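Visitor:
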Amino acid sequence: MEKFVTRGQNKRSCANDARSPQRRMKLESDERIEEEEEEEEEDDTLAEFSHPVPWQKIEAEDLDCDYALLFSKEEADHLFRQLEEEVVYSTGEEAKVQVFGKVYNIPRKQATYGDADLTYTYSGVTRLASPWTPTLEYIRDAVTKTTGHTFNFVLINRYKDGQDHIGEHRDDERELDPLCPIASVSFGAARDFIFRHRDARGKQTRRQIEPVKLELAHGSMLLMNSPTNTFWYHSLPVRKKITLPRINLTFRRIVVDRKK
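Residue numbering for the sequence shown follows the working numbering, beginning at 7 and increasing consecutively.
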């Protein structure tokens, strides 16, 4: 990045500079030091908001995602154990969901955390965010440093085994910031994750578009960029051979002014 530094000088100082090569050398040296310090500060700022990981780009028509292993196995194991201790999941009516006017038990456990007084409405249910736990704050901050995006809400899904699942849906609620991607962080058993284009769903499909299938690993992050959630549904289907639990955290940014 180019930097421009303007300094005021009168004629007398310019004349003195012309008669004194040593003074010119000192000024030039001071300028170089100042520029180096500014560059170091800029590098420190970039380092603060970028945690380098090897990204894998996943693309199809109107689908734009980035995938990476965010945490080592050792750290992912530790965070999984902490989440099992800290996260309190919904019960009763909050453990149900409305689909096409009918109410069903959610085939997984769910919890919502985030900034104070935030609510999130989806599938006919409005949920209030619980205060961030230390572990959730740590994971959120790691996601922010890696992506450069800030998040004020997280939806947590816990799948006890391969029988627990989530059907095809889009994370396209109007209160979400359309300019902010959704960051999906996974811990525990690796599970298949399937994208299906909206024009290729159902028995009477309008177009032949192949689904996109991923396996989300322990400690991984999938970044769903715009316009993915406009055109593609995603799901975590039943996998009967999976016997171990999985915890998934989808970090989102809710637009507070829009909710008001």
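Every residue, glycine too, gets a C-beta built ideally from N, C-alpha and C. This one's a predicted model, so the numbers in the text were calculated from it and none came from an experiment.
Quick check on DSSP: helix, strand or coil for A82?
Guide: Translated into the one-based positions of the sequence shown, residue 82 becomes position 76. A82: helix per DSSP, three-state reduction.
Visitor: For the alpha helix (DSSP H) holding D198, just list the boundary residues, first then last.
Guide: Working through the sequence shown from its first residue, we reach residue 198 at position 192. Looking at the DSSP string, D198 is not in any alpha helix (DSSP H); the run it does join, the beta strand (DSSP E), is 197-203.
Visitor: Along the chain, where does the alpha helix (DSSP H) that runs through T146 open and close?
Guide: In the sequence shown, counting from the first residue as 1, residue 146 sits at position 140. Looking at the sequence itself, residue 146 is Arg, so the reference to Thr does not match. 140-153 is the span of the alpha helix (DSSP H), which, as asked, contains R146.
Visitor: From R176 to L75, what distance separates their C-alpha atoms?
Guide: The sequence position of residue 176 within the sequence shown is 170, counting from 1. The sequence position of residue 75 within the sequence shown is 69, counting from 1. Their backbone Cα atoms lie some 23 Å apart in a straight line.
Visitor: Check whether the region 165-185 and the region 214-222 touch, using three or more Cβ-Cβ pairs below 8 Å as the test.
Guide: no
Visitor: Drop a sphere of 10 angstroms on the beta-carbon of A122, count the other beta-carbons inside from all chains shown, and report buried for 16 or more, exposed for fewer.
Guide: One-based indexing of the sequence shown puts residue 122 at position 116. By the neighbour-count rule (16 or more Cβ atoms within 10 Å), A122 is not buried but exposed.
Visitor: From this set, F199, F193, T141, which residue's C-alpha is nearest L250's C-alpha?
Guide: Translated into the one-based positions of the sequence shown, residue 250 becomes position 244. Nearest C-alpha to L250 among F199, F193, T141: F193.
Visitor: Let me know the alpha helix (DSSP H) ranges lying completely inside the region 226-264, each 4 residues or longer, listed in chain order.
Guide: 234-237
Visitor: Starting from the Cα of Y73, find the closest Cα among T125, G130, Q210, M230 and give me that residue.
Guide: The residue labelled residue 73 in the question sits at position 67 within the sequence shown. Looking at the Cα atoms, M230 is the closest of the given residues.
Visitor: Taking C71 as part of the beta strand (DSSP E), name the residues at either end of that continuous run.
Guide: Mapped onto the sequence shown, residue 71 falls at position 65. Judged by DSSP secondary structure, C71 falls within the beta strand (DSSP E) whose first and last residues are 69-75.
Visitor: Is the beta carbon of F201 closer than 9 Å to that of W238?
Guide: Residue 238 sits at position 232 when you count from the first residue of the sequence shown. Residue 201 sits at position 195 when you count from the first residue of the sequence shown. Cβ atoms of W238 and F201: closer than 9 Å.
Visitor: Report buried or exposed for G326, applying the criterion of at least 16 other Cβ atoms within 10 angstroms of its Cβ.
Guide: Limits of the chain in this structure are 7 at one end and 266 at the other, which puts residue 326 out of reach.
Visitor: Which parts of the region 158-184 are runs of the beta strand (DSSP E), unbroken and 3 residues or longer, counting only runs that do not cross its ends?
Guide: 159-165, 172-175
Visitor: May I ask you to verify whether the region 156-163 touches the region 254-264, counting CB pairs closer than 8 Å and requiring at least 3?
Guide: A contact is defined here as three or more CB-CB pairs under 8 Å, and the region 156-163 meets this definition with respect to the region 254-264.
Visitor: Exposed or buried, what is R180 when buried is set at 16 or more other beta-carbons lying within 10 Å of its beta-carbon?
Guide: By 1-based counting over the sequence shown, the position of residue 180 is 174. Exposed, since its Cβ has fewer than 16 Cβ neighbours within 10 Å.
Visitor: L124 lies in the beta strand (DSSP E); which residues open and close that run?
Guide: Position 118 of the sequence shown, counted from the start, is the residue given in the question as residue 124. No beta strand (DSSP E) holds L124; DSSP gives it neither H nor E.
Visitor: Going by C-alpha to C-alpha distance, which of Q116, P137, W138, T139 sits closest to Y128?
Guide: To locate residue 128, count along the sequence shown from 1; it is residue 122. The residue with the shortest Cα to Cα distance from Y128 is Q116.
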